[in-house]
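Each residue of the sequence shown is one higher than the one before, counting from 35 in the numbering used here.
Even glycine gets a Cβ: it sits at the ideal position worked out from N, Cα and C.
The model shown is predicted, which means the values in this text are computed figures rather than measured ones.
Read the structure below first, then the notes.
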Amino acid sequence: MKKNLVVIAAMAAALCMSVTASADEDLITIGFAQVGHESDWRTASTQSCQDVFTEENGYDLQFVDCDNDSATQLEAVRNFIEQDVDYIIIDPIVSTGWDEVLTECEDAGIPVIVIDRTIDDSDKYAAWVGSNFTTEGLACGEWLKAYAEAKGIEEINVLVIEGTTGSSAAIGRTDGFAEIAEREGWTILDSQDGDFTQTGGQEIMESYIKSYEGQFNVVICQNDNEAFGAMDAMTAAGISYGVDGDVILVSFDACTAGLEYVQSGDINADFECNPLAAPFVEEVIQQLEAGETPETVVYMEEHWYVNEDILESITVTVDGEEQEQALTVVTDEIVEAQY
35 MKKNLVVIAA
45 MAAALCMSVT
55 ASADEDLITI
65 GFAQVGHESD
75 WRTASTQSCQ
85 DVFTEENGYD
95 LQFVDCDNDS
105 ATQLEAVRNF
115 IEQDVDYIII
125 DPIVSTGWDE
135 VLTECEDAGI
145 PVIVIDRTID
155 DSDKYAAWVG
165 SNFTTEGLAC
175 GEWLKAYAEA
185 KGIEEINVLV
195 IEGTTGSSAA
205 IGRTDGFAEI
215 AEREGWTILD
225 SQDGDFTQTG
235 GQEIMESYIK
245 SYEGQFNVVI
255 CQNDNEAFGA
265 MDAMTAAGIS
275 YGVDGDVILV
285 SFDACTAGLE
295 YVQSGDINAD
305 FECNPLAAPF
315 VEEVIQQLEA
325 GETPETVVYM
335 EEHWYVNEDI
345 LESITVTVDG
355 EEQEQALTVV
365 TDEIVEAQY
């Protein structure tokens, strides 16, 4: 009798293992090589993928925080290839140096989906999902032009705190804004890398204050965390900023904390960069699973947020076409709904 029970137990265990293995085989495996955790935006981006690509939704997500180290990111992608995952998601730390490893992905038959930042030296990926960073920079410049005119401000002297050098977000926002600045004859006093961090923003702003005391009336920060650091530095130095301040402060990303500062008037305007790419990425994966060809470029909906209602919209020229783009005054409801 005991022998029969042992046999039955062994058979049950084997059946259980078989069912588990079958369930695991049914999961779509995804490797995600994330930039790091340098900002509120990045945290929201990571959470978006972790919320969508769950076992309950039919996925096995392998996640690597690359801590803003390009070598670590390349190694993570190669490890995903060795693991023979079904798909690889990359948010590239820098925009170059990718062709070799993407060729390895292609040779392994693993589709790659790029999110947020772009890759400039290879097209060996199935789709890119993200934001038009140059348009963000152009919109920032057009807003500043219209805002200055509405406020009767005739002279614009700008300090820029850039994002991580070599990242497509920093390149696009810098180039877009610089195009308007050159057209309008503004003075960009300095433009330095704050690495998309609050500490970086504060350190660069402290240096600017020493070098350009009394010379600037606009500070452009290429993400919210840099803006928070710049605010700390200007507050410590007794410099007023924001609505009715001596310095116009502009940011990008529009995270919840950033919008709270727009609503309070500490930040004049914040140009959204949507971090919630995962639902769009999932749509691409489902198209590939069905044997369909997805769009190679997928832009997400974004908004330009302001404190004051003195302007309803701005006109931005994108790819030679003029577009009227709305400005959104921040309310409690908008803050509550934001990431």
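Check, Outcome
"For Glu89, the three-state DSSP class (helix, strand or coil)", "coil"
"Beta-carbon gap between Ile144 and Ile123 smaller than 8 Å", "no"
"Identity of the residue in Thr168, Glu140, Glu134, Asp141 nearest Asp155 by Cα", "Glu134"
"Residues bridged to Asp227 (per DSSP)", "Glu196"
"Leu457 and Leu193 closer than 8 Å at C-beta", "Absent from the model: residue 457. The displayed extent of the chain is 35 to 373, so no value can be given."
"Terminal residues of the beta strand (DSSP E) in which Trp338 lies", "338-340"
"Own chain partners of Gly164 with C-beta closer than 6 Å, once the 5 adjacent residues on each side are dropped", "Ile149, Asp150"
"Alpha-carbon spacing of Gln220 relative to Asn113, whole angstroms", "Reading off the sequence shown, one finds Trp at residue 220, where the question assumed Gln. C-alpha separation (whole angstroms): 48 Å."
"Opening and closing residue of the beta strand (DSSP E) in which Ala359 lies", "For clarity, residue 359 is Gln in the given sequence; the question names Ala instead. Note, Gln359: beta strand (DSSP E), 355-363."
"For Gln107 and Cys174, the rounded distance between their alpha carbons", "31 Å"
"Cβ-based burial, Val318 [other Cβ within 10 Å; buried from 16]", "buried"
"Inter-stretch contact (C-beta, 8 Å, three-pair minimum) for the stretch 250-263 and the stretch 285-301", "yes"
"Residue burial classification, Asn91 (beta-carbon count within 10 angstroms, cutoff 16)", "exposed"
"Per-residue DSSP class, three states only, for Ser347", "strand"
"Cα-Cα separation, Glu170 to Thr231", "19 Å"
"Integer-rounded CB distance, given that Ala160 should sit under 8 Å from Leu322", "6 Å"
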